[in-house]
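Residue numbers (this note's numbering): 15 to 505.
A short worksheet on the structure shown next.
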Amino acid sequence: MDMRRVVAFAAAVVVLAAVPAVAEAAVLPWHPCATQQEPAAECSVVDVPIDRAQPGLGSARLALARLPALDPAHRIGALLVNPGGPGGSGVGFVQYGGLASPDLARLRERYDIVGFDPRGDWFSTPRITCDPATLYDPALDRFPATGPGFAALVAHNRAAGQDCLARTGPLLANADTQSAAEDIETIRAALGEAKISWLGLSYGTELGAVYASKHPDRVRTMVLDGAVDHARPLRRAILEEAAATEDALVRFADWCRGSADCALHGRDVLRFYDDVVARAGSGAVWSSELRRSATADEISAGVYNHLYIREEWPALGRALAAAGGEFPDAKGLTERNQFLSPIYGAYRAIGCHDFPSPFTGPADMGLMAGLLRVAAPHSWRYSEYWDFTSGCTGWPVPAKNPPQPHPVHGAPPILVVGGTHDPATPLAWARGLAASIDGATLLTRTDDGHTGLFNSACVRAAEVDYLVSGLTPTRDQVCCRLREQEPRTAR
Numbered sequence: 015m016d017m018r019r020v021v022a023f024a025a026a027v028v029v030l031a032a033v034p035a036v037a038e039a040a041v042l043p044w045h046p047c048a049t050q051q052e053p054a055a056e057c058s059v060v061d062v063p064i065d066r067a068q069p070g071l072g073s074a075r076l077a078l079a080r081l082p083a084l085d086p087a088h089r090i091g092a093l094l095v096n097p098g099g100p101g102g103s104g105v106g107f108v109q110y111g112g113l114a115s116p117d118l119a120r121l122r123e124r125y126d127i128v129g130f131d132p133r134g135d136w137f138s139t140p141r142i143t144c145d146p147a148t149l150y151d152p153a154l155d156r157f158p159a160t161g162p163g164f165a166a167l168v169a170h171n172r173a174a175g176q177d178c179l180a181r182t183g184p185l186l187a188n189a190d191t192q193s194a195a196e197d198i199e200t201i202r203a204a205l206g207e208a209k210i211s212w213l214g215l216s217y218g219t220e221l222g223a224v225y226a227s228k229h230p231d232r233v234r235t236m237v238l239d240g241a242v243d244h245a246r247p248l249r250r251a252i253l254e255e256a257a258a259t260e261d262a263l264v265r266f267a268d269w270c271r272g273s274a275d276c277a278l279h280g281r282d283v284l285r286f287y288d289d290v291v292a293r294a295g296s297g298a299v300w301s302s303e304l305r306r307s308a309t310a311d312e313i314s315a316g317v318y319n320h321l322y323i324r325e326e327w328p329a330l331g332r333a334l335a336a337a338g339g340e341f342p343d344a345k346g347l348t349e350r351n352q353f354l355s356p357i358y359g360a361y362r363a364i365g366c367h368d369f370p371s372p373f374t375g376p377a378d379m380g381l382m383a384g385l386l387r388v389a390a391p392h393s394w395r396y397s398e399y400w401d402f403t404s405g406c407t408g409w410p411v412p413a414k415n416p417p418q419p420h421p422v423h424g425a426p427p428i429l430v431v432g433g434t435h436d437p438a439t440p441l442a443w444a445r446g447l448a449a450s451i452d453g454a455t456l457l458t459r460t461d462d463g464h465t466g467l468f469n470s471a472c473v474r475a476a477e478v479d480y481l482v483s484g485l486t487p488t489r490d491q492v493c494c495r496l497r498e499q500e501p502r503t504a505r
């Protein structure tokens, strides 16, 4: 998930307070974060072992930010938030207004909102550090079908991983989700809470589910929105996600062709997109942001990240039109480029623990690339699972958390949210995750964009109501897209 932008959306609810569990003794000292966006934010740190099986490797220091409950007399407890990634900053999400919308006033009143930067990320130390030029080479073929091409990809990824390892140290080999989930338990104890509530988006659903599988008795409520089903075989997941991205692109194109709010109104948008990608492949699409020609993969990645929020579709239309104009400039697309994100090193390192390459050689990878083109004939050049698996082909650090089931038994009812047209996490993943959690409720939204929190008023209302009351929505509830949720023209 592209974490260079954080949007604040939520919903108001009518609630009844649950009686908070008896808390443990809090041990964390807090101090003002001194941020203008959220002047009430307080900051602290928690130390965790780099490897709980090898204490001699030392510790990592996790950064935390907290917004104390505005109604302390009716405080429920602590709500931990993870905005996704992997590599997203919970500290930044809290400090810079990720939950500042008036629509989220009820959560703000009743909970201490706590964000943290997982091990290796952002303000936590040591930070996963990689040389950007070694990690990402725009000229590298990420879809090799020949022996030399596959060998070049393996050599590049091996060198990139070795560089990250040299710069980061032993944390890199322990930047997996299993370890991060145990860190949440350390944070819970340090907060002095007998139980926590959790709001996890995208990758935050995997992290939350792993925590619940390990510590079900420490969960009060848990929302898993934009669900990742980590039990899914990688080859299947690659094709499912690629098809979901293709579906989102086709839906954008249909809207764009018929809406006066789109800069490409009346055009064959898919053909226009294909032409821009083809021109980028020949070096003919300039980016003033990059100060060089954008690659076809960079164009596709930029379009993908615009598909996350449906209200950004008009901006995507303008950016795509500019990239395909008489004097092309792909700045509006490349500035949303996952490859150039400051957290791409952490994204890659954590991803290689959780989604290691399944490819055995050039023939195998070429076959999968062909299937990818069938699943996503327009958008195949960028999907996150292909980025993970191609980027982890040859990665020198062994994976500590490859795809596997994380069944949850004994936790309170958990709310899983999935969308019929989510570009990043297909609805089938939400169904799979919900099936692995005893007593889970699946809330389905029939709309566009990644996560319900960012795209659906109906979902936001259900999530807030559940987090405060502890009561899940009616089983198999569906949130339908309303006309007033159509993208608005930017002013």
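Backbone N, C-alpha and C fix where the C-beta goes; we use that ideal spot for every residue, glycine too.
Spanning the alpha carbons of residue 75 and residue 45 requires a straight line of approximately 16 Å. With a cut-off of 8 Å on Cβ pairs, the segment 406-425 is not in contact with the segment 270-278, counting fewer than three such pairs. Between residue 386 and residue 204, the C-beta spacing is not below 8 Å. Rounded to the nearest angstrom, the gap between the Cα atoms of residue 152 and residue 389 is 24 Å. In this structure residue 212 does not touch residue 113 by the C-beta definition: roughly 14 Å separates them, more than the 8 Å allowed.
Residue 71 holds the alpha-carbon nearest to the alpha-carbon of residue 61 among 54, 52, 71.
For residue 402, the three-state secondary structure derived from DSSP is helix. Within the model, the alpha-carbon separation for residue 99 versus residue 252 is close to 17 Å. With a cut-off of 8 Å on Cβ pairs, the segment 132-143 is in contact with the segment 181-193, counting three or more such pairs. For residue 307, the CB contacts under 8 Å within the same chain, skipping 5 residues up- and downstream, are 294, 297, 298, 299, 300, 301 in chain order. According to the DSSP assignment, residue 213 belongs to the beta strand (DSSP E) that extends over 210-215. Counting the other Cβ atoms within 10 Å of the Cβ of residue 423 gives fewer than 16, which makes it exposed. The alpha-carbon separation between residue 359 and residue 169 amounts to approximately 17 Å. C-alpha of residue 105 to C-alpha of residue 353: approximately 22 Å in a straight line. Scanning 466, 363, 379 for the CA closest to the CA of residue 158 turns up 379. Secondary structure of residue 146 (DSSP, three-state): helix. With a threshold of 16 other beta carbon atoms within 10 Å, residue 494 falls short and is exposed. Per the coordinates, the alpha-carbon of residue 348 lies some 22 Å from the alpha-carbon of residue 365.
In the pairwise beta carbon analysis, the segment 478-488 is classified as touching the segment 228-242: at least three pairs are separated by under 8 Å. When secondary structure is reduced to three states using DSSP, residue 56 falls in the strand class.
Annotation: residue 492 is outside any alpha helix (DSSP H); the continuous beta strand (DSSP E) that includes it extends over 492-494. Proximity of the segment 459-471 to the segment 427-437 meets the contact definition, three or more beta-carbon pairs being nearer than 8 Å. In this structure, 334 is the residue among 334, 208, 220, 247 with its C-alpha nearest to the C-alpha of residue 270. A straight-line Cα-Cα distance of about 7 Å links residue 49 and residue 109.
If you look at residue 201, you'll find it in the alpha helix (DSSP H) that goes 191-205.
Put simply, the backbone Cα of residue 327 is about 19 Å away from that of residue 342. From the listed residues 216, 289, 248, 111, the smallest Cα separation to residue 404 is found for 248. Around residue 430, the same chain offers 238, 241, 444, 447, 448, 454, 456 as residues with beta carbons nearer than 6 Å, after the five sequence neighbours per side are excluded. In this structure, the straight-line span from the alpha carbon of residue 268 to that of residue 283 is close to 8 Å.
Spanning the alpha carbons of residue 266 and residue 220 requires a straight line of approximately 28 Å.
In this structure, the straight-line span from the alpha carbon of residue 217 to that of residue 226 is close to 14 Å. The alpha carbon of residue 339 has as its nearest neighbour, out of 272, 304, 291, the alpha carbon of 291. Residues of the same chain with a CB within less than 7 Å of the CB of residue 164, apart from the 5 flanking positions on each side, are 158, 375, 376, 379 in chain order. By the neighbour-count definition (other C-beta atoms within 10 Å, threshold 16), residue 381 is an exposed residue.
DSSP places residue 96 in the strand class (E or B) of the three-state scheme.
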